[in-house]
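One structure is given here, and the rest of the page talks about it.
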Amino acid sequence: LAVQSRVHPSSAREKHRTMPHTYAGGSTFRVGRTRYEPGRKKEDFGICLFAAFLFVFFCFAVPILLLLAELEYHEMLVAFREVKDYIIYCDNRATELSNCASSGELAYLYSNRITGSVFDPAFGVSISALKLDRHTEYCQWMEHTHQKCKTCGSGKRKHKCNCVTTYTYSKGWRNHRIISTFFNQPAAHHNPQRDPYPAMSFASMNAKVGSAYILPELIDNPHQAFRSRRRRVEWTHGAAVRPTMLRSILRYFGFAAEATERFEALGNLNGVDSSLAAQTDRFVYVGEGGYFFSPYEASQSGKLFNYFVQYLEGSFLNFQIGDLLSSCTAGDIRVSFQVYDPEEASVIAGVVDGEKGPSLGLFKTSRAYELGILHEGRFDPADMMDKEAREKKKVCLL
């Protein structure tokens with residue numbers, strides 16, 4: 059398995075790197091141009107356009123979203139009232155779901171025996187869990203505008219004037235891509251928009267709660283959330299817990315330092331180096347928080363065009379101390395994984411005929427509302443429905 063170092067090679071500037079670079083988790087800061095505007099401050103067209111967008115959004119979109127949330131909340135309450143007296147309680151020790159409930163009925167089941175595995179085909183990552191989340195981050199520049207203006211005139215004719223605008227830029231890992239076309243210096247702070255493997259969720263195809271199979275549609279139910287702990291996955295030698303400063307301090311004072319992450323053996327990543335992500339975008343596992351890293355390398359023609367635009371905007375020879383700091387390269391991508399792996403779970407779901415026999419899936423009410431609740435821990439049906447109702451009500455209030 060290919061594992062890269064976290065240390066980034068020093069360089070004079072990002073645009074002058076010609077060799078493939080390694081992973082760096084740090085960020086950097088640069089100061090852009092300063093623009094002086096004499097006389098009365100002009101109205102910013104972008105701000106006016108954004109204000110108009112907010113006005114339209116709050117006048118039209120927000121009421122529609124509120125109405126949809128209220129309708130969803132109402133439909134859920136109606137569904138709960140319809141089925142609450144017809145739930146069949148299944149024994150945790152039942153060997154087969156068919157011995158407890160028939161197809162088309164609504165069943166409740168609790169168990170502390172949770173099994174299942176989930177797989178990301180692009181990265182070749184396989185792990186025991188009910189659900190796997192792929193989280194993608196992008197190394198991108200962000201532009202910041204700082205403006206200082208003087209006050210001219212007096213009385214009702216008082217206005218801002220002689221404004222000085224300074225542009226600064228910060229580069230780091232973001233959860234989304236940023237379009238740099240409209241930056242004040244777009245070439246010197248160019249953000250490639252590559253996104254070969256965006257964030258995605260995967261549900262287990264062979265999950266079981268007790269002796270009952272759980273269909274993926276129940277785990278990914280859009281009406282009721284799968285409420286369970288979510289842990290970041292890290293692969294280390296021998297699945298050893300990665301030491302941190304906080305754990306060391308707690309252990310020094312005699313406190314238990316339980317890891318909130320899930321640590322897996324590095325040998326479980328044997329197929330990652332031959333995965334689709336590794337072959338097409340050179341993803342490698344670098345650790346440092348469980349990250350898979352893909353370096354960005356611009357084409358030769360793209361580099362030449364970028365240098366030319368930098369020359370036109372006057373930033374080609376603009377070197378700063380921030381260029382020497384260890385940081386990611388704009389266009390780099392890193393991916394991490396999180397798992398939902400409850401040790402015990404309570405389920406309210408419909409009994410359906412699955413490929414592996416009777417299974418728990420979504421139950422359709424008389425109003426065609428799809429009902430299916432999966433919570434970590436031991437709860438009775440009334441508590442589970444009350445919790446879903448409270449969470450949905452919060453959405454309506456927000």
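First residue of the sequence shown? That's 59 in this note's numbering, and the numbers climb one at a time after it. All C-beta atoms, glycine included, are put in the ideal place defined by N, C-alpha and C. Bear in mind that the values here come from a model prediction, so they are computed numbers and not experimental data.
- For Ser385, there is no enclosing beta strand (DSSP E), since its DSSP letter is neither H nor E.
- Beta-bridge pairing by DSSP links Phe374 to no other residue.
- For Val393, the closest of Asn364, His433 and Val344 by C-alpha to C-alpha distance is Val344.
- Arg285 counts as buried, since at least 16 other C-beta atoms from the protein chains shown sit within 10 angstroms of its C-beta.
- Glu434 sits in a strand when the DSSP states are folded into three classes.
- For the region 235–310, the continuous beta strand (DSSP E) assignments of 3+ residues that do not extend past its boundaries occur at 258–261, 265–267, 270–272 and 289–294, in sequence order.
- Taking a 10 Å sphere around the C-beta of Tyr144, we find fewer than 16 other C-beta atoms and assign the residue as exposed.
- Shown here, Thr86 sits in a strand according to DSSP, grouped into three states.
- When secondary structure is reduced to three states using DSSP, Ile406 falls in the strand class.
- Below 8 Å, enough C-beta pairs join the region 225–237 and the region 81–91 to call them touching: three or more.
- In the three-state reduction of the DSSP assignment, Lys414 falls in the coil class.
- By the criterion of at least three beta-carbon pairs nearer than 8 Å, the region 445–454 is in contact with the region 125–133.
- Taking the Cα of Ser424 as reference, the smallest distance to any Cα among Cys148, Glu163 and Tyr81 is reached at Glu163.
- In the structure shown, Gly97 adopts extended strand secondary structure according to DSSP, grouped into three states.
- Rounded to whole angstroms, the separation of the alpha carbons of Gly380 and His295 is 35 Å.
- Fewer than three Cβ pairs drawn from the region 396–404 and the region 102–120 lie within less than 8 Å of each other, which leaves the two stretches out of contact.
- DSSP places Glu319 outside both helix and strand once states are collapsed to three, so it counts as coil.
- In the DSSP assignment, Ala335 falls within the alpha helix (DSSP H) that extends over Leu334 to Asp339.
- By the 16-neighbour rule on beta-carbons within 10 angstroms, Ile406 is buried.
- The bridge partners DSSP lists for Asp178 are Val183.
- The residue from Lys218, Met200, Ser259 and Cys221 with its alpha-carbon nearest to that of Ser238 is Met200.
- In the DSSP annotation of this structure, the continuous segment of the beta strand (DSSP E) that includes Lys229 starts and ends at His217 to Arg232.
- Under DSSP, Thr92 forms a beta bridge with Thr224.
- Here Ser394 carries a strand assignment [DSSP, helix/strand/coil].
- Assigned with DSSP and collapsed to three states, Ala159 falls in coil, not helix or strand.
- Using a C-beta cut-off of 8 Å, the region 325–341 makes contact with the region 177–195, since at least three inter-stretch Cβ pairs fall below that distance.
- Spatial neighbours of Gly97 in its own chain (CB-CB distance under 8 Å, excluding positions within 5 residues in sequence) are listed in chain order as Cys219 and Asn220.
- Rounded to whole angstroms, Gly83 and Gly230 show a C-alpha spacing of 8 Å.
- Residue range Pro439 to Leu455 is occupied by the alpha helix (DSSP H) that includes Arg448.
- Taking a contact as a CB-CB distance under 8 Å, the pair Val397 and Arg320 counts as one, their CB atoms being some 6 Å apart.
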